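Visitor: Top to bottom, those sequences are chains R and B.
When we follow the working numbering, the leftmost residue of the first sequence carries the number 1, and every step to the right adds one.
When we follow the working numbering, the leftmost residue of the second sequence carries the number 1, and every step to the right adds one.
Cβ coordinates follow ideal geometry from the N, Cα and C atoms, glycine included.
Just so you know, these numbers come straight off a predicted model, no measurement behind them.
Have a look at this one.
Protein chains: 2
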Amino acid sequence: MSEQIMPLEENPGGSDFLPGLAMDFVIFGFHQYQLKILLLEYRNTDLFALPGGFVKKQENLNDAARRVLAERTSLTNIYLEQFYTFGDLARYDQVPMRTIMQAKGLVPTDEHWLLHRFISVGYYALIDFTKAVPTPDPLSDTCTWYDLDNLPGLMLDHADIVRKALQTLRADLDRKLIGYDSWAAPLLPEAFTMADLQKLYETILGQKLRRSSFQRKMLSLNILERLEKQYSGGAHKAPYLYQFKQ
Amino acid sequence: MSEQIMPLEENPGGSDFLPGLAMDFVIFGFHQYQLKILLLEYRNTDLFALPGGFVKKQENLNDAARRVLAERTSLTNIYLEQFYTFGDLARYDQVPMRTIMQAKGLVPTDEHWLLHRFISVGYYALIDFTKAVPTPDPLSDTCTWYDLDNLPGLMLDHADIVRKALQTLRADLDRKLIGYDSWAAPLLPEAFTMADLQKLYETILGQKLRRSSFQRKMLSLNILERLEKQYSGGAHKAPYLYQFKQ
DNA sequence: TTATTATTGTCTCATTATGGAACAATAATA
DNA sequence: TATTATTGTTCCATAATGAGACAATAATAA
């Protein structure tokens with residue numbers, strides 16, 4: 001959902017958008033050694049949902065995804081991957097959306113465009129937790145980070161969407177780390193230690209990795225640049241700092 | 001495209017289908033050591049296209065895919081994977097479809113539903129070359145196997161779709177071989193030699209593999225059952241026959 | 001009948017990758 | 001100054017893979 005649908009009176013039929021087509025976003029951020037995603041909450045409904053949006057009639061699908069992401073996070077140049085398109089009839093349940101609209105004081109007819117069946121293209125994004133400015137859409141009240149392993153109940157099939165996003169992310173970790181822009185860069189500070197990077201890997205994969213093997217592998221990939229030593233603050237040898245090359 | 005759109009007069013607005021949403025299929029078959037895909041040809045137009053179809057309003061997306069595949073191949077129980085959804089505005093070019101319809105003697109108005117913008121969900125399928133009965137859809141004249149490395153020019157972005165399908169298939173080869181049903185089974189006869197399986201791998205990957213390593217790896221996966229020896233016909237030791245377990 | 005040929009199944013050994021532990025180095029703290 | 005925790009690196013055992021060798025053998029040729 002995006003600014004364009006509010007006030008609903010200005011776009012009563014959703015006529016700027018391709019009908020029946022939506023996007024849902026699993027937006028990952030990393031903070032304090034925990035993987036988080038952005039969720040929208042609808043006050044007085046106990047409903048939580050993934051940020052979503054619609055595609056304009058004169059807009060590329062992937063451009064629409066970037067536009068909506070910018071609206072929800074204030075960030076452009078986001079690491080973004082399309083991962084699956086969800087089209088089960090079971091998605092077509094009017095109850096949650098009707099509840100949300102009623103909690104807003106809106107009384108939609110059965111024909112309201114937001115109550116129609118939607119096919120939804122799933123995207124996952126990796127963003128800098130510290131730079132994002134989470135912004136609710138016109139129908140929701142908050143846009144907040146939630147720990148991935150402590151999510152509230154999500155409406156419709158959004159829990160499935162999160163599961164599939166995480167599964168795809170995990171499967172693509174190694175393959176997508178190399179290349180001009182790494183998925184890991186937006187999740188880490190400019191300069192980071194090898195332990196930081198390993199913790200990030202472990203958090204995403206949900207399993208521990210061997211320290212020496214991890215260091216050996218990362219260095220052999222030739223994608224890291226070693227900087228001067230860091231001030232650690234810990235009672236131990238200070239680790240090197242790294243940044244992604246180029 | 002499917003039976004339901006012909007004659008067009010019976011479904012003038014495509015009103016049985018979700019508007020603006022299509023599916024495109026890259027249907028792989030393997031024959032005489034070559035990887036082939038099914039293409040539709042439109043007589044008097046020089047246009048070739050991937051088989052495609054639309055989703056009914058009361059149908060799951062993935063069920064629609066199986067329905068259309070059955071229409072084009074006569075096969076059910078097909079190995080099928082959704083791999084990407086294509087939504088660039090550049091797809092929205094009325095010229096090819098208008099040419100196709102005109103070659104059929106149809107003169108669509110600018111508003112004809114087939115001339116609208118479509119977002120298309122891409123699927124790839126792996127099917128038994130010998131069991132399929134390729135069947136053109138109502139607008140096309142032939143549905144024929146083409147060698148993957150000798151394709152004719154395809155309309156719209158269909159060449160991109162093929163490229164992405166092959167790329168996904170290659171990346172998933174090892175991961176998807178194991179499990180209840182292997183991608184390879186539909187592309188090979190009931191019983192096959194290790195050389196057959198290796199040739200199939202090599203053809204899909206587009207590169208040679210080492211024989212001893214390949215054999216070692218396949219046997220270690222524990223997914224093959226070794227049968228009695230085969231009658232070879234070749235002037236050499238007869239190889240074992242295998243079939244996929246269970 | 002015997003030799004030839006091509007391909008197979010398996011083995012060997014070198015090379016490379018990975019698991020798991022060891023160890024000295026050292027920044028902060030006690 | 002000693003202690004502590006963590007680091008960067010090394011080592012070695014184990015596993016995986018690359019590359020080739022070799023005897024076995026079904027069909028064919030001689």
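1. Which residues in chain B sit within 7 Å of D110(R), going by Cβ to Cβ distance?
2. Could you work out which residues of chain R lie near T85(B), taking near to mean beta carbons separated by less than 8 Å?
3. Starting from the C-beta of K208(B), find all residues in its chain whose C-beta is less than 8 Å away, skip the five residues before and the five after it, and write them out in chain order.
4. Could you name the residues of the same chain whose beta carbon sits closer than 6 Å to that of Y84(B), not counting the 5 residues immediately before and after it, in chain order?
5. Residues of chain B with CB closer than 7 Å to the CB of L209(R), please, in chain order.
6. If we count Cβ pairs, one from each stretch, closer than 8 Å, do we get three or more for the region 15-23 of chain B versus the region 102-121 of chain B?
7. Does the beta carbon of V55(R) sit closer than 8 Å to a beta carbon anywhere in chain B?
8. Could you tell me whether any Cβ in chain B is nearer than 8 Å to the Cβ of L18(R)?
9. Identify which residue in P136(R), A64(R) and R91(R) has its Cα closest to the Cα of M23(R).
10. Where does the unbroken beta strand (DSSP E) through Y79(B) begin, and where does it stop?
11. With C143(R) and L50(R) assumed to form a contact (beta carbons below 8 Å), what rounded beta-carbon distance in angstroms separates them?
12. Could you tell me whether the Cβ atoms of L61(R) and D157(B) are closer together than 8 Å?
13. In whole angstroms, what is the alpha-carbon distance linking E3(R) and P138(R)?
14. Determine, for D88(B), whether the minimum Cβ-Cβ distance to residues of chain R falls below 8 Å.
15. For R226(R), I'd like the list of residues in its chain whose CB is within less than 7 Å of its CB, leaving aside the five on either flank, ordered along the chain.
16. Using 8 Å as the threshold, is the region 99-108 of chain B in touch with the region 145-153 of chain B, meaning 3 or more CB pairs across them?
17. Can you tell me where the alpha helix (DSSP H) holding F214(B) begins and where it ends?
18. In chain order, what are the residue ranges of uninterrupted beta strand (DSSP E) at least 3 long that sit wholly in the region 81-139 of chain B?
19. Can you tell me which of the three DSSP states T45(B) falls into?
20. Sort out for me which residues DSSP pairs V26(B) with in a bridge.
21. Among L224(R), A125(R), Q94(R) and A195(R), which residue has its Cα nearest to the Cα of L75(R)?
22. Can you give the beta carbon distance from I119(R) to L21(B), rounded, assuming they're within the 8 Å contact cut?
23. Between V114(B) and chain R, is any beta-carbon pair separated by less than 8 Å?
24. According to DSSP, simplified to helix, strand and coil, what is I161(R)?
25. Cutting at 8 Å between CB atoms, please list the residues of its own chain near L221(R), excluding the five before and the five after it.
26. What number of angstroms, rounded off, separates the C-alpha of N77(B) from the C-alpha of R66(B)?
27. Which residues, taken in chain order from the region 160-191 of chain R, show a beta carbon closer than 8 Å to some beta carbon of chain B?
28. Tell me the rounded alpha-carbon separation between R72(R) and V26(R).
29. Closer than 8 Å, CB to CB, is Q58(B) near chain R or not?
30. Just to confirm my understanding: we take K199(R), look at its own chain, exclude 5 residues before and 5 after, and list those with CB closer than 6 Å. What are they?
31. How would you write the range of the beta strand (DSSP E) that D147(R) sits in, first residue to last?
32. Using 8 Å as the threshold, is the C-beta distance between F129(R) and G29(R) below it?
33. So, is the C-beta of L205(B) closer than 8 Å to a C-beta in chain R?
34. Have a look at D93(R), A70(R) and I100(R) and flag the residue whose alpha-carbon is nearest the alpha-carbon of L47(R).
35. Hey, how far is the Cα of R216(B) from the Cα of H31(B)?
Guide: Taking the geometry as given:
1. Neighbours of D110(R) on chain B: none; closest Cβ ~15 Å, over 7 Å.
2. L61, Q82, T85 and V121
3. E202
4. G122 and K164
5. Neighbours of L209(R) on chain B: none; closest Cβ ~20 Å, over 7 Å.
6. yes
7. yes
8. yes
9. A64(R)
10. Y79 to F86
11. The Cβ separation is near 11 Å, so there is no contact.
12. no
13. Confidence in E3(R) is poor, its pLDDT being 38 and thus under 50, which makes the residue's placement unreliable; the coordinate value appears in the next sentence. Cα to Cα, E3(R) sits roughly 6 Å from P138(R).
14. yes
15. Y240 and Y242
16. no
17. R211 to L221
18. 119-126
19. coil
20. Y124(B)
21. A125(R)
22. 6 Å
23. Reading off the sequence shown, one finds Leu at residue 114(B), where the question assumed Val. Cβ-Cβ to chain R under 8 Å: no for L114(B).
24. helix
25. L177 and I178
26. 8 Å
27. A171 and R175
28. 12 Å
29. yes
30. Y33
31. T142 to D147
32. yes
33. no
34. I100(R)
35. 25 Å
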